[in-house]
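Trainee: First the structure, then my questions, so here it is.
2 protein chains.
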Amino acid sequence: MGGDKGDKSAPVTLRMLADRLGVHVSTVSRVLHAKPHESHRAASSATVERIRKLADDLGYQPNPHATSLRTQRSNLVGVLVPRLSDIVLATIYEGIEEAAAEQGLSTFVTNTLDDRELQRSHTEMMLARRIDGMIFGDAYIDAEFLAGFARRGVPFVLVSRRAAEYPSVTCDDYLGGRMLAEHLLELGHRDVAVIAGEPYASTGIDRTAGFVDGYAEAGVEIQAEKMVHSRFDARGGHLAADQLLETGAAPSAIFAVNDFAAIGAFGALRDHGLRVGVDVAVAGFNDTPLAVELPVPLTTVRSPMHEMGRRGIELLARLLGGEEVVSERLRPELMVRASTVGFGDPDSP
Amino acid sequence: MGGDKGDKSAPVTLRMLADRLGVHVSTVSRVLHAKPHESHRAASSATVERIRKLADDLGYQPNPHATSLRTQRSNLVGVLVPRLSDIVLATIYEGIEEAAAEQGLSTFVTNTLDDRELQRSHTEMMLARRIDGMIFGDAYIDAEFLAGFARRGVPFVLVSRRAAEYPSVTCDDYLGGRMLAEHLLELGHRDVAVIAGEPYASTGIDRTAGFVDGYAEAGVEIQAEKMVHSRFDARGGHLAADQLLETGAAPSAIFAVNDFAAIGAFGALRDHGLRVGVDVAVAGFNDTPLAVELPVPLTTVRSPMHEMGRRGIELLARLLGGEEVVSERLRPELMVRASTVGFGDPDSP
DNA sequence: ACGTTTGGGCCAAACGTTTGGGTATCATGC
DNA sequence: GCATGATACCCAAACGTTTGGCCCAAACGT
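Sequence order for the protein chains is A and B.
If you read the first sequence in my numbering, its first letter stands for residue 2, the second for the next number, and so on.
If you read the second sequence in my numbering, its first letter stands for residue 2, the second for the next number, and so on.
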């Protein structure tokens with residue numbers, strides 16, 4: 002009966018279709034792949050019909066290796082992230098993958114752990130796989146590696162973190178930092194500390210800068226020793242908070258530039274016998290799905306992670322099409338919860 | 002000096018090397034790619050040397066599309082997971098990707114959201130990309146889809162979840178469930194409830210079964226209404242716990258088959274004014290990095306997620322090499338923390 | 001009637017490898 | 001002196017596409 006679309010491994014090729022229809026393989030190719038306005042001058046509409054019909058009766062799938070070989074275009078893109086098990090990057094990547102599929106692109110993703118050597122070697126592997134473009138989610142603010150990479154002429158875009166003037170899609174991290182500053186200022190916090198993330202990531206840098214500037218405008222200067230760098234995971238936040246808590250009196254509020262670091266801070270506060278949202282206000286950044294489920298729900302800034310990934314691929318696709326693109330800065334949103342306002346009445350009237 | 006390895010986009014091919022050395026392209030191919038014992042009979046050692054030298058001076062990288070086209074082997078594998086932003090799957094995938102790279106394989110990964118239609122269509126896309134094999138992290142226990150897929154003759158292995166007799170790498174979920182049962186029984190809990198996860202996933206099924214059997218052996222039967230299915234995320238756990246808490250008295254302990262569901266349960270308990278580890282013991286499964294950082298650290302069962310991914314690819318590689326393989330069940334480990342034993346003294350003497 | 005267009009296709013050369021066969025040269029065995 | 005066997009290569013076909021030309025016949029313009 003009607004052709005079980007390749008159930009038994011018999012890869013159907015253009016030549017098969019051509020032979021079966023007594024027509025030349027180039028004709029089949031044009032009919033099947035050329036843009037509509039070209040396809041109709043490739044064959045009579047009757048032939049077009051016959052070809053199309055047979056093609057999907059037999060479940061024809063073009064061989065991408067042959068196509069790539071011939072066209073010198075692979076429709077593959079490489080994606081580098083610090084760590085996929087970081088839910089933030091995983092979510093961004095979900096956006097990338099989803100949008101890539103829509104554009105007919107496929108992606109390879111790999112972890113670099115923010116290690117420069119791994120960035121280099123994994124990029125090299127991507128190139129060996131003949132990717133058409135790259136998305137970097139692990140850019141260093143110094144853009145040293147990127148400057149070298151740019152010279153190779155392979156299109157790329159940055160997501161999550163910006164660097165130099167390379168095209169990027171980021172959250173407006175600076176604005177997010179300011180939002181949080183305003184929020185904490187309104188609550189009367191003047192003695193605040195920052196768990197600032199890694200010094201080479203624009204995310205942490207910009208969020209911290211926005212926060213510090215927000216406080217500065219209110220006439221409060223945040224001392225250097227109240228800002229400590231940290232890894233972006235829970236453990237890192239824990240260590241950083243320990244450091245803050247051990248040097249002098251506890252601040253009245255802590256801003257961690259990432260939800261996981263904030264959760265780590267929860268742990269540290271707990272260990273020091275301090276209650277989140279009561280003794281010390283804590284705020285995070287990203288609004289990961291856990292934030293709202295924590296025993297003390299976390300005040301945080303929602304960053305459009307999925308969308309960032311999507312826009313990233315869209316920019317790259319434009320780049321691949323030879324267009325110019327301009328960086329995008331997506332708008333964050335403040336999510337106020339109990340970790341800063343206590344269980345008083347954040348959402349209830 | 003000395004060949005900046007392809008800085009300016011000039012893809013170097015076998016023919017280039019051959020011409021440059023006045024030797025035939027096939028000779029170069031054999032020297033560069035044949036197994037060592039064949040390569041030395043392909044050319045004199047002097048020639049071998051010259052070829053090797055020029056190849057890496059020029060930074061020769063074989064074109065994988067040409068290779069795949071010729072050999073009918075892509076060294077590509079497709080990976081399907083329910084959701085990459087689930088840290089459990091992301092971690093498994095990290096293992097997969099890492100081990101794949103070591104084996105010279107590249108992976109495409111995509112989310113199926115446990116949706117049958119997406120499983121089908123995304124598998125189809127993988128096939129269109131001419132993958133050599135598949136890894137499914139989203140198997141349904143009924144193996145309906147897999148049975149169909151198996152007929153196509155494409156090698157595959159399951160990770161995380163098992164199904165029918167298909168080769169799989171899983172955690173010994175049943176054992177993990179029993180461990181937790183024993184632990185809670187020792188603490189004297191007899192009135193327990195289970196947040197059991199999705200009914201189609203072997204993980205939840207086996208963990209629940211181990212737990213229930215553990216209790217049964219101690220003479221305690223867990224009532225059906227004390228076991229409720231749930232999604233595997235925090236929100237799902239929250240809803241499930243709400244359901245448990247609304248129907249009659251609260252149990253003295255809750256086992257959630259997944260850490261995130263457990264965190265959701267934390268949220269629900271909080272909303273009901275119950276204290277985790279004091280009023281109600283809670284246990285999870287997987288030992289994700291957050292478990293230990295929670296305000297009340299979570300008792301859970303550590304499953305070797307990364308290793309599961311690694312073993313998955315290794316099995317697949319063997320399958321691709323034509324070998325037979327047998328499923329693996331990796332050993333879990335109980336992690337006792339405050340969510341079941343309170344802040345008494347779990348780790349301190 | 002005759003040159004030009006257009007429709008409908010065919011041809012062949014790539015793209016970069018791999019691989020099953022040659023083949024020419026030289027040394028060896030007998 | 002000649003078959004035999006290495007040694008060190010070369011040749012060519014094939015993998016499945018794409019694409020710039022080419023070609024033939026019919027239709028058209030004048």
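Cβ atoms here follow ideal geometry from the backbone N, Cα and C, with glycine treated the same way.
Tell me, which residues are paired with B/E334 by DSSP?
Mentor: Residue 334 of chain B sits at position 333 when you count from the first residue of the second sequence. Partner(s): B/R303.
Trainee: Tell me which same chain residues have a C-beta within less than 7 Å of the C-beta of B/G343, skipping the five on either side of it?
Mentor: Indexing the second sequence from 1 puts residue 343 of chain B at position 342. Hits under 7 Å: G278 and V279.
Trainee: Please look up how many angstroms separate the CB atoms of B/T111 and B/L81, rounded, as I've assumed it's under 8 Å.
Mentor: Against the second sequence, residue 111 of chain B aligns to sequence position 110. Against the second sequence, residue 81 of chain B aligns to sequence position 80. B/T111 to B/L81, Cβ: 6 Å. Contact.
Trainee: Assign B/P298 to buried or exposed, taking buried as 16 or more other Cβ atoms, counted over all protein chains shown, within 10 Å of its Cβ.
Mentor: Along the second sequence, read from residue 1 onward, the residue named residue 298 of chain B stands at position 297. Counting Cβ neighbours within 10 Å, B/P298 comes out buried, since at least 16 surround it.
Trainee: Taking Cβ positions only, does B/S231 come closer than 7 Å to chain A?
Mentor: The sequence position of residue 231 of chain B within the second sequence is 230, counting from 1. Cβ-Cβ to chain A under 7 Å: no for B/S231.
Trainee: Can you name, in chain order, every residue of its own chain whose Cβ lies under 8 Å from the Cβ of A/N287, other than the five neighbours on each side?
Mentor: Sequence index remark: in the first sequence, residue 287 of chain A carries index 286 (1-based). Once the five neighbours on either side are set aside, the close Cβ partners of A/N287 are V89, N259, D260, T301, V302, R303, S304 and M306.
Trainee: With 7 Å set as the bound, which would you pick, yes or no: does the beta-carbon of A/E324 sit closer than that to a beta-carbon of chain B?
Mentor: Translated into the one-based positions of the first sequence, residue 324 of chain A becomes position 323. Taking Cβ atoms only, chain B never reaches closer than 7 Å to A/E324, which makes this a no.
Trainee: Could you give the uninterrupted runs of the beta strand (DSSP E) lying entirely in the stretch 182-209 of chain A, keeping only those of 3 residues or more?
Mentor: You should have 193-196.
Trainee: Rounded to whole angstroms, what is the Cα-Cα separation between B/R71 and B/P65?
Mentor: Counting from 1 along the second sequence, the entry for residue 71 of chain B is found at position 70. Counting from 1 along the second sequence, the entry for residue 65 of chain B is found at position 64. Looking at the two C-alpha atoms, the distance is approximately 10 Å.
Trainee: Look at the alpha carbon of A/P200 and the alpha carbon of B/R191, and state the distance between them as a whole number of angstroms.
Mentor: Residue 200 of chain A sits at position 199 when you count from the first residue of the first sequence. Residue 191 of chain B sits at position 190 when you count from the first residue of the second sequence. Between A/P200 and B/R191, the C-alpha separation is close to 51 Å.
Trainee: Is there a Cβ from chain B that is less than 7 Å from the Cβ of A/R130?
Mentor: Within the first sequence, numbered from 1, the residue matching residue 130 of chain A stands at position 129. Chain B contact via Cβ: present.
Trainee: Could you tell me which residues DSSP puts in a beta bridge with A/S169?
Mentor: If you number the first sequence from 1, residue 169 of chain A lands on position 168. BP columns for A/S169 point to A/L159.
Trainee: Given a limit of 9 Å on CB to CB distance, which residues of the stretch 232-263 of chain A reach chain B?
Mentor: So the list reads D234, A235, R236, G238, H239 and F261, given in the order they occur along the chain.
Trainee: 7 Å is my cut-off, CB to CB: does B/Q62 come that close to chain A?
Mentor: In the second sequence, residue 62 of chain B corresponds to position 61, counting from 1. Cβ-Cβ to chain A under 7 Å: yes for B/Q62.
Trainee: Which word fits B/S169, buried or exposed, when buried means at least 16 other C-beta atoms lie within 10 angstroms of its C-beta?
Mentor: The residue given as residue 169 of chain B occupies position 168 in the second sequence. So B/S169 ends up on the buried side.
Trainee: Are three or more beta carbon pairs between the stretch 224-240 of chain A and the stretch 251-270 of chain A nearer than 8 Å?
Mentor: Because the criterion of three Cβ pairs below 8 Å is met, the stretch 224-240 of chain A and the stretch 251-270 of chain A touch.
Trainee: Counting pairs of Cβ atoms below 8 Å between the stretch 93-101 of chain B and the stretch 312-322 of chain B, do you hit three or more?
Mentor: Cβ pair count under 8 Å is three or more, so yes.
Trainee: Give the residues from the stretch 101-135 of chain A that approach chain B closer than 8 Å (Cβ to any Cβ), ordered along the chain.
Mentor: Of all residues in the stretch 101-135 of chain A, A102, S107, T108, F109, V110, T111, N112, M126, L128, A129, R130 and R131 have a Cβ within less than 8 Å of some Cβ in chain B.
Trainee: For A/E222, which three-state DSSP category applies?
Mentor: If you number the first sequence from 1, residue 222 of chain A lands on position 221. Coil.
Trainee: Can you tell me whether DSSP reads B/T113 as helix, strand or coil?
Mentor: Along the second sequence, read from residue 1 onward, the residue named residue 113 of chain B stands at position 112. Three-state result, B/T113: coil.
Trainee: Apart from the five residues on each side of it in sequence, which residues of its chain come closer than 6 Å, Cβ to Cβ, to A/I52?
Mentor: Stepping through the first sequence from its first residue, residue 52 of chain A is reached at position 51. Excluding positions up to five away in sequence, the list reads V29 and V32.
Trainee: What distance in whole Å lies between the Cβ atoms of B/F146 and B/R179, which are believed to be in contact at a cut-off of 8 Å?
Mentor: Taking the first residue of the second sequence as 1, we reach residue 179 of chain B at position 178. Taking the first residue of the second sequence as 1, we reach residue 146 of chain B at position 145. Wrong, their Cβ atoms sit about 30 Å apart, outside the cutoff.
Trainee: Cutting at 6 Å between CB atoms, please list the residues of its own chain near B/Y216, excluding the five before and the five after it.
Mentor: As a working note, residue 216 of chain B is residue 215 in the second sequence. Here the set comprises A182 and I223.
Trainee: Out of A/A35, A/A219, A/R42 and A/V49, which has the shortest C-alpha to C-alpha gap to A/L18?
Mentor: Along the first sequence, one-based indexing puts residue 18 of chain A at 17. Checking every option, the nearest Cα to that of A/L18 belongs to A/V49.
Trainee: Alpha carbon to alpha carbon, how far is B/T68 from B/L85? Give it in angstroms, no decimals.
Mentor: The residue you call residue 85 of chain B lines up with position 84 of the second sequence. The residue you call residue 68 of chain B lines up with position 67 of the second sequence. One C-alpha to the other measures close to 31 Å.
Trainee: Are any of the Cβ atoms in chain B nearer than 7 Å to that of A/F146?
Mentor: Here the question's residue 146 of chain A lines up with position 145 in the first sequence. No, its Cβ sits nowhere closer than 7 Å to a Cβ of chain B.
Trainee: So, does the CB of A/S69 fall closer than 7 Å to a CB anywhere in chain B?
Mentor: The sequence position of residue 69 of chain A within the first sequence is 68, counting from 1. Yes, A/S69 lies at the interface with chain B (some Cβ there is under 7 Å from its Cβ).
Trainee: What are the residues that DSSP puts in a beta bridge with A/V283?
Mentor: Sequence index remark: in the first sequence, residue 283 of chain A carries index 282 (1-based). Beta-bridge pairing links A/V283 to A/I255.
Trainee: For B/P83 versus B/D20, is the C-beta spacing smaller than 7 Å?
Mentor: Here the question's residue 83 of chain B lines up with position 82 in the second sequence. Here the question's residue 20 of chain B lines up with position 19 in the second sequence. Contact flag unset, no.
Trainee: Starting from A/E308, find everything on chain B with Cβ-Cβ shorter than 9 Å and list it in chain order.
Mentor: As a first step, residue 308 of chain A is located in the first sequence; it is residue number 307 there, counting from the start. Per Cβ cutoff of 9 Å: no residues; A/E308 is ~14 Å from chain B at best.
Trainee: Looking at A/V283: is its Cβ nearer than 7 Å to the Cβ of A/S340?
Mentor: Residue mapping note: residue 283 of chain A aligns to position 282 of the first sequence, counting from 1. Residue mapping note: residue 340 of chain A aligns to position 339 of the first sequence, counting from 1. Result yes, Cβ atoms of A/V283 and A/S340 sit closer than 7 Å.
Trainee: Just to make sure I have the definition right: I need the residues of chain A whose C-beta is within less than 8 Å of the C-beta of B/R338. Which are they?
Mentor: Counting from 1 along the second sequence, the entry for residue 338 of chain B is found at position 337. The premise fails here: B/R338 is roughly 11 Å from chain A at the closest Cβ pair, so nothing lies under 8 Å.
Trainee: Whether or not the stretch 125-140 of chain A and the stretch 148-158 of chain A are in contact is what I'm after, with contact meaning three or more pairs of Cβ atoms, one per stretch, closer than 8 Å; do they touch?
Mentor: Enough Cβ pairs lie closer than 8 Å, so yes.
Trainee: What is the DSSP secondary structure of B/E145, counted as helix, strand or coil?
Mentor: One-based indexing of the second sequence puts residue 145 of chain B at position 144. The answer is helix: DSSP assigns B/E145 an H, G or I state.
Trainee: Out of B/G265, B/T209, B/Y94 and B/V326, which has the shortest C-alpha to C-alpha gap to B/A242?
Mentor: Position 241 of the second sequence, counted from the start, is the residue given in the question as residue 242 of chain B. Minimum Cα distance to B/A242 is reached at B/G265.
Trainee: Would you identify the three-state DSSP class for B/L1, choosing helix, strand or coil?
Mentor: In the structure as shown, chain B begins at 2 and stops at 350. Residue 1 of chain B is therefore absent and cannot be evaluated.
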